[in-house]
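Position 89 (the sequence shown) corresponds to 89 in UniProt numbering; numbering is contiguous.
Note that CB positions come from ideal geometry on N, CA and C, so glycine has one too.
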Amino acid sequence: MSSCNDCIKFSLNIKDPLLEFFDISTGKYRNRKAKFYHAIVHLDHCLNCGSANIVHNGHLYSNVRYPALDASLPVFIRIAKERIICRDCQTNFNFNQYCATRTREI
Ligand SMILES: [Zn+2]
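Structure (structure tokens):
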């Protein structure tokens, strides 16, 4: 785990071990300036059967708004969610459900 990841998690008060932050940037969201924290979700086992016999099949990106003190500069967590195919139970995951439940804990 990198020190950048630890630092961002500490400042955002995020404890999810599967989320790994690797970069920060500024950009535009709906024509307004915004700050983006870039993260990736790592998973090494199937959420359905628990098997480690999985294949990573690309990423889906989603922007999750994070409540910020400064309303003039919205903060988003841009999460790269891995698409997973389990070879044992033939289940496909795209992590939409996973991220929806995990981000509520932020
Ligand atoms: Zn499985």
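At what residues does the beta strand (DSSP E) containing residue i begin and finish?
i	result
Asp-6	Not the beta strand (DSSP E): Asp-6 falls in the alpha helix (DSSP H), residues 3 to 12.
Asp-23	19 to 29
Lys-33	32 to 41
Ser-62	54 to 66
Arg-87	Element bounds for Arg-87: n/a, residue is neither H nor E.
Would you decide whether residue i is buried or exposed? Buried here means 16 or more other CB atoms lie within 10 Å of its CB.
i	result
Val-55	exposed
Ile-24	exposed
Tyr-61	exposed
Cys-86	buried
Cys-49	exposed
Taking the alpha-carbon positions, what's the residue i to residue j distance?
i	j	result
Lys-81	Val-41	5 Å
Asn-94	Ser-3	28 Å
Arg-83	Arg-65	22 Å
Glu-20	Ala-39	5 Å
Phe-22	Gln-90	31 Å
Tyr-29	Leu-12	20 Å
Asn-53	Asp-88	7 Å
Any heavy atom of ligand 1 closer than 7 Å to the Cβ of residue i?
i	result
Asn-48	yes
Ser-51	yes
Asp-88	yes
Thr-91	yes
Segment contact, 8 Å Cβ cut-off, at least three pairs: the segment 8 to 17 with the segment 29 to 36: no
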